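For the record, the sequence lines run as chains L and V. In short: position in the first sequence from 1, add 10, done, that's this note's numbering. In short: position in the second sequence from 1, add 248, done, that's this note's numbering. Backbone N, C-alpha and C define an ideal beta-carbon position, used for all residues, glycine too. No experiment lies behind these values; they were computed from the predicted model shown.
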Amino acid sequence: MAHSGAIEASQLRVVRQHNEILKSLNFRLEEGELVGLLGPSGSGKTTLMRALLGVQAITSGSATVLGERVGSAGLRRRVGYMAQGSAIYLDLTVRENLRYFAGVLGVALSRVDHCLEVVDMHPLAGRLVSSLSGGERSRVSLAVALLGDPALLILDEPTVGLDPVLRRDLWATFADLVAAGTTVLVSSHVMDEAARCGRLLLLREGRLLFDDTPAALKERLHSESFDEAFVRLIEETP
Amino acid sequence: MSLRRTLLTALRILRQLRHDPRTVGLLLAVPSALVGLLAWSLVNRPGSFDAVGPRLLGIFPLTVMFLVTSVTTLRERTNGTLERLLTMPLEKAEFIGGYAAAFGLIALLQSLLVSTLSYTWYGLAHQGVPWRISAVALCAGLLGTAFGLALSALATSEFQAVQFMPAFILPQLLLCGLLVPLAALPTALRSVADVLPMTAAVRAIAPLQTDAYYFEQFAVMIGYIVVALGVGAATLRRRSK
């Protein structure tokens with residue numbers, strides 16, 4: 011059997027309440043890639059991520075993650091997920107949140123401190139989440155996603171609302187994780203973040219418009235900026 | 249099903265409550281204060297509190313725990329934490345079991361407090377076994393928790409969840425025998441009233457019945473708790489359409 015890669019989608023379609031959200035997507039991501047999933051809001055990024063996690067039912071086609079069918083029980087320890095909302099308990103402290111999720115995952119409590127350091131939230135570990143800013147909450151949420159030392163990280167707009175310094179630091183964290191062998195799939199609607207990825211998937215209205223490296227995108231469309239490249243790409247797509 | 253993950257979930261829910269002392273205070277104080285208010289209002293009618301009071305020990309915990317559980321679990325469904333947990337190796341039964349254990353403990357404390365106060369300060373003279381009243385209050389609290397877990401799946405907002413309370417609790421209150429004796433109900437209503445969980449709670453407190461009668465009422469309550477917890481677990485979907 012051929013090596014199946016980190017994620018493989020074949021004619022993946024999702025229809026929700028008579029709306030075709032994802033229209034027959036085909037792509038394959040290799041392990042250890044930093045992949046940007048870019049597209050305007052409403053393009054289907056979150057639905058694609060949820061389908062790969064197994065929490066969104068697939069209408070037709072198929073997808074495998076780390077060689078297993080999406081949603082299989084074995085993947086629950088191997089895939090880390092950070093949703094767009096922070097999905098942590100507001101009425102617990104930062105550390106209490108991480109300790110609970112670490113317990114559910116069955117990982118050592120030493121991971122809690124390690125992951126808090128990775129996202130630079132260690133100094134605020136004793137604070138109630140309800141007293142944190144939006145950016146701080148998303149860093150806690152990222153720390154939870156990192157707890158299980160997952161082989162694949164799926165991050166839905168992790169840099170929204172962060173200041174430029176933090177955003178740079180987070181992308182550096184993603185690069186470190188990839189260097190250590192993790193596959194990272196990051197969504198964003200900020201086109202300039204494309205430059206930080208090794209591979210780009212551009213999604214618009216449920217269709218995959220582009221699947222290659224950032225350099226190839228600029229070259230193919232003779233554009234200086236990613237915003238410009240994306241506009242040209244849309245214009246030349248029938 | 250792992251006991252460890254169930255207990256971790258229960259501890260997490262109790263930790264959340266610890267950061268919210270006002271809610272804990274309300275949970276423990278409100279049923280006791282209501283029963284105290286009833287005792288006071290009946291102080292000029294000797295014997296009335298002894299007749300009505302014990303029944304309320306079955307009704308208040310059911311109502312309070314139903315409301316608290318449905319709002320808390322709805323919050324977990326809507327803020328993304330439930331979805332996150334279901335992408336992790338947490339079984340649905342562990343999630344439901346954690347809630348039942350955590351709120352069961354609250355229901356236990358609530359029932360001990362309200363029955364102790366009733367027998368001492370409020371001067372309840374009940375021809376029954378005190379521990380049985382505590383046991384009914386505990387079962388009633390667990391009934392509220394179990395139905396709250398199940399019905400929160402039907403609500404899409406906390407506003408709706410709160411409105412399930414009158415829809416679910418008030419009909420049972422009207423038919424449980426508190427306002428109208430069961431024997432005086434029209435036949436059709438009587439047959440409905442006979443199988444309602446709150447009726448079983450009220451009957452289990454009635455004095456001077458045979459052991460078999462009490463056993464039957466407890467069996468009805470425990471049956472409802474198990475069924476409602478099962479329905480609650482079934483409403484948790486790992487995968488949305």
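### Task
Give the DSSP bridge partners of residue 357 of chain V, in chain order.
The partner list for residue 357 of chain V (beta bridge, DSSP) is empty, contrary to what the question assumes.
### Query
What's the C-alpha gap between residue 180 of chain L and residue 169 of chain L?
It is roughly 8 Å from the alpha-carbon of residue 180 of chain L to the alpha-carbon of residue 169 of chain L.
### Task
Any chance you could list the beta strand (DSSP E) runs of at least 3 consecutive residues sitting entirely within the stretch 137-203 of chain L, in chain order?
The stretch 137-203 of chain L contains these whole beta strand (DSSP E) runs: 162-165, 193-198.
### Message
Whether or not the stretch 394-411 of chain V and the stretch 304-321 of chain V are in contact is what I'm after, with contact meaning three or more pairs of Cβ atoms, one per stretch, closer than 8 Å; do they touch?
### Response
Verdict: yes, contact present.
### Message
I want to know whether the stretch 368-379 of chain V touches the stretch 453-464 of chain V - three or more CB-CB distances under 8 Å.
### Response
The count of Cβ pairs closer than 8 Å, one atom from the stretch 368-379 of chain V and one from the stretch 453-464 of chain V, reaches three, so the stretches are in contact.
#### Entry: Pairwise C-alpha distance: residue 201 of chain L and residue 249 of chain V
Taking the straight line from one Cα to the other gives about 45 Å.
### Query
When the distance is taken between beta carbons, is residue 171 of chain L closer than 8 Å to residue 136 of chain L?
Not a contact, by the Cβ cut-off of 8 Å.
### Message
By DSSP's criteria, residue 450 of chain V is part of a beta bridge. Which residues make up the other side?
### Response
Paired residues: none, contrary to the question.
### Query
What is the C-beta distance between residue 204 of chain L and residue 210 of chain L, in whole angstroms, given that I count them as a contact (C-beta under 8 Å)?
At roughly 5 Å, the Cβ-Cβ gap stays under 8 Å, so residue 204 of chain L and residue 210 of chain L are in contact.
#### Entry: Anticipated Cβ contact below 8 Å, residue 446 of chain V with residue 310 of chain V, distance rounded
About 6 Å separates the beta carbons of residue 446 of chain V and residue 310 of chain V, which is inside the 8 Å limit, making them a contact pair.
### Residues from the stretch 318-349 of chain V in contact with chain L, defined by Cβ distance under 8 Å
If the cut-off is 8 Å between Cβ atoms, the stretch 318-349 of chain V has 327, 328, 329, 331, 332, 333, 334, 335, 336, 337, 338 near chain L.
### Query
How about residue 482 of chain V: is its C-beta nearer than 8 Å to some C-beta of chain L?
False, the Cβ-Cβ gap to chain L never drops below 8 Å.
### Residues of its chain near residue 191 of chain L, where Cβ-Cβ distance is below 6 Å and the 5 sequence neighbours each way are ignored
Cβ contact annotation for residue 191 of chain L (same chain, cutoff 6 Å, sequence separation greater than five): 42, in chain order.
### Message
In this structure, how does DSSP classify residue 278 of chain V when only helix, strand and coil are distinguished?
### Response
If DSSP states are grouped into helix, strand and coil, residue 278 of chain V belongs with the helices.
#### Entry: As assigned by DSSP and simplified to three states, the class of residue 12 of chain L
Its pLDDT being 48, under 50, residue 12 of chain L is placed unreliably by the model, and nothing is read from it.
### Task
Using 10 angstroms around the beta-carbon of residue 264 of chain V, count the other beta-carbons present and answer buried if the total reaches 16, otherwise exposed.
Answer is buried; the Cβ neighbour count reaches 16.
### Query
Applying a beta-carbon distance threshold of less than 8 Å, which residues of chain V neighbour residue 115 of chain L?
By Cβ distance, chain V contributes 336, 337.
### Query
Where are the alpha helix (DSSP H) runs, 4 residues long or more, that stay fully inside the stretch 390-433 of chain V, in chain order?
Counting only runs of 4 or more, we get 406-423.
#### Entry: Residue span of the alpha helix (DSSP H) that contains residue 264 of chain V, given as start and end
In the DSSP assignment, residue 264 of chain V falls within the alpha helix (DSSP H) that extends over 251-266.
### Task
Just confirm the distance between the C-beta atoms of residue 237 of chain L and residue 197 of chain L, as a whole number of angstroms; I'd bet it's less than 8 Å.
The C-beta distance from residue 237 of chain L to residue 197 of chain L rounds to 17 Å, too long to meet the 8 Å contact threshold.
### Query
Is the shortest distance between the beta-carbon of residue 63 of chain L and the beta-carbons of chain V less than 8 Å?
True, the Cβ-Cβ gap to chain V drops below 8 Å.
### Message
Would residue 52 of chain L pass as an interface residue toward chain V - the criterion being a Cβ-Cβ separation below 8 Å?
### Response
Taking 8 Å as the threshold, the shortest C-beta distance from residue 52 of chain L to chain V does not fall below it.
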